[in-house]
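Numbering (full-length UniProt numbering), first residue to last: 1 to 397.
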């Protein structure tokens with residue numbers, strides 16, 4: 001039993017939380033586009049399983065075979081018994097696919113981002129963090145205890161001016177290809193040009209967790225969509241828990257810097273590695289992503305995104321960044337907190353799961369409904385979604 005003083009402290013802390021997040025356990029499902037909760041089936045517009053690979057038989061088979069070969073856990077840290085051939089092969093294949101010199105796989109994208117910047121910065125470093133970056137990057141920058149400032153990606157001119165006024169420092173610029181709460185970025189090209197202009201001072205880090213595997217002809221992410229390759233930036237971050245439908249995070253780039261990160265990131269050194277079956281499933285997902293099947297799934301997802309955008313336009317539903325966001329993450333905004341709260345509940349009553357996003361995840365005046373479109377959705381699924389959004393909004397307009 002907690003001491004009374006601790007009870008009071010925790011009670012006060014809970015009361016100060018801006019938002020209480022509920023967790024709802026889901027049951028198994030044979031379809032990526034269906035989520036089962038408490039025996040009820042819901043249309044899945046809330047997960048990050050963009051290509052629908054979470055139920056793919058080849059991933060399941062790879063997982064089962066690896067379990068038979070290795071057992072369940074990795075049994076140790078990477079420098080002891082935890083680094084397996086399954087992880088080595090995955091890192092090699094990711095590097096070859098992305099045309100990078102080397103790749104480091106870690107236990108999660110959050111673990112990677114929140115521990116990265118302590119290794120990359122010192123007293124001679126100025127960190128520039130995109131104002132829309134994920135919480136894991138914020139935590140990582142704060143943990144580094146380095147000087148930092150936020151920047152607005154829509155004003156690269158201002159960022160350029162600020163960097164030019166600090167010629168004696170090294171500059172670490174952090175952004176994302178697809179923002180988890182805003183969709184795809186349209187200013188990566190400006191950051192790549194900035195990297196070229198300050199090539200002796202600037203290190204550019206781009207996290208494309210929501211773009212890798214799903215955006216671009218080859219699936220290289222938003223950076224490919226705008227005409228570049230991962231090697232055109234310094235450090236490319238991706239995840240294995242979204243399009244890859246597995247688990248883990250990775251970072252790729254120059255062999256020398258990746259080896260340095262291997263030797264310096266404490267969250268990678270002092271932790272048990274992921275189970276080898278997870279790496280085997282990730283590698284199976286990569287094989288599909290690189291294949292003709294993966295290309296067809298990306299094309300189907302693009303068609304679904306186009307269809308969705310046409311539907312909401314016809315129904316006069318307000319959509320955030322309508323003209324620039326071609327990611328699987330689509331956002332209904334421009335409505336009040338009360339309206340969107342009602343809409344989220346209405347959709348759930350209609351057996352549709354969508355994300356209701358509000359402060360502190362986003363700014364207080366910018367609530368939104370976050371929709372995840374999947375390659376496995378049909379046009380009928382999307383038409384029904386759009387119809388119910390219109391119906392829900394009509395009741396509170």
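Cβ coordinates follow ideal geometry from the N, Cα and C atoms, glycine included. Quick caveat: nothing in here was measured; it's all calculated off a predicted structure.
Answer yes or no: does any C-beta atom of chain B fall closer than 8 Å to that of residue 275? Given the protein chain composition of this structure (a single chain), no chain B is represented.
Do you know how far the Cα of residue 313 is from the Cα of residue 225? 24 Å
With a floor of 4 residues, list each alpha helix (DSSP H) that falls wholly inside the segment 29–96, ordered by position along the chain. 57–70
Quick one: Cα of residue 298 to Cα of residue 285, how far? 13 Å
How is residue 146 classed by DSSP in three states: helix, strand or coil? Coil.
Name the two residues that bound the continuous beta strand (DSSP E) containing residue 173. From DSSP, the beta strand (DSSP E) with residue 173 extends over 170–176.
Straight-line Cα distance separating residue 233 from residue 128: When rounded, the distance between both Cα atoms is 15 Å.
In whole angstroms, what separates the C-alpha of residue 347 from that of residue 353? 7 Å
Bridge partners for residue 126 per DSSP, in chain order? 147, 171
Limits of the beta strand (DSSP E) - the one that residue 239 falls within: Boundaries of the beta strand (DSSP E) around residue 239: 235–239.
Measure the C-alpha to C-alpha separation of residue 9 and residue 3 and round it to an integer number of angstroms. 10 Å
With DSSP as the reference, identify every bridge partner of residue 207, one or two as the case may be. BP columns for residue 207 point to 176, 237.
Can you list, in chain order, the residues of its chain whose CB lies under 7 Å from that of residue 326, leaving out five sequence neighbours each side? Within the same chain, residue 326 has close Cβ partners 184, 305.
Using only alpha-carbon positions, find the residue among 223, 134, 192, 78 that is nearest to residue 159. The shortest C-alpha to C-alpha distance from residue 159 to any of 223, 134, 192, 78 is the one to 192.
What do you get for residue 38, buried or exposed, if any count of 16 or more other CB atoms within 10 angstroms of its CB means buried? It counts as exposed.
Straight-line gap, residue 141 to residue 229 (C-alpha atoms, nearest Å): 26 Å
State the CB to CB distance for the pair residue 370 and residue 329, rounded to an integer number of angstroms; the pair is presumed to be in contact (CB under 8 Å). 6 Å
What residue from 79, 388, 274, 269 has the CA that sits closest to residue 119's CA? Nearest option by C-alpha distance: 269.
I need the DSSP call for residue 157, collapsed to helix, strand or coil. Of the three classes helix, strand and coil, the one that applies to residue 157 here is helix, per DSSP.
Give the DSSP bridge partners of residue 355, in chain order. 370
Rounded to whole angstroms, what is the Cα-Cα separation between residue 203 and residue 53? Straight-line Cα distance between these residues: approximately 34 Å.
Which one of 106, 169, 83 has the shortest CA to CA distance from residue 422? Any answer about residue 422 is impossible in this case: the structure gives the chain only from 1 up to 397.
Entirely enclosed beta strand (DSSP E) segments - the segment 217–284, minimum 3 residues: 235–239, 249–253
Can you tell me whether residue 136 is buried or exposed? The criterion is at least 16 other CB atoms within 10 Å of its CB, across all chains shown. buried
Based on the DSSP secondary-structure assignment, which residues constitute the bridge partners of residue 102? Residue pairing by DSSP places residue 102 opposite 253 in a beta bridge.
Can residue 29 and residue 351 be called in contact, C-beta distance under 8 Å? no
Do residue 210 and residue 242 come within 8 Å of each other at the CB atom, strictly closer than that value? yes
So what does DSSP say about residue 121, is it helix, strand or coil? coil
Check whether residue 254 and residue 91 have beta carbons under 8 Å apart: no
Determine the direct distance from the alpha carbon of residue 223 to that of residue 198, and round the result to whole angstroms. For residue 198 and residue 223, the gap between their C-alpha atoms comes out near 19 Å.
In angstroms, rounded to a whole number, what distance separates the CA positions of residue 153 and residue 231? 21 Å
Thinking residue 107 and residue 238 are a contact (beta carbons under 8 Å), I'd like their distance in whole angstroms, please. A Cβ-Cβ distance of about 14 Å is found for the pair residue 107 and residue 238, leaving them out of contact under the 8 Å criterion.
Roughly how many whole angstroms lie between the Cα atoms of residue 11 and residue 19? 14 Å
In terms of residues, what are the limits of the beta strand (DSSP E) holding residue 331? 329–332
Tell me residue 183's beta-bridge partners as DSSP assigns them. Bridge partners of residue 183: 179.
For residue 320 versus residue 337, is the C-beta spacing smaller than 8 Å? no
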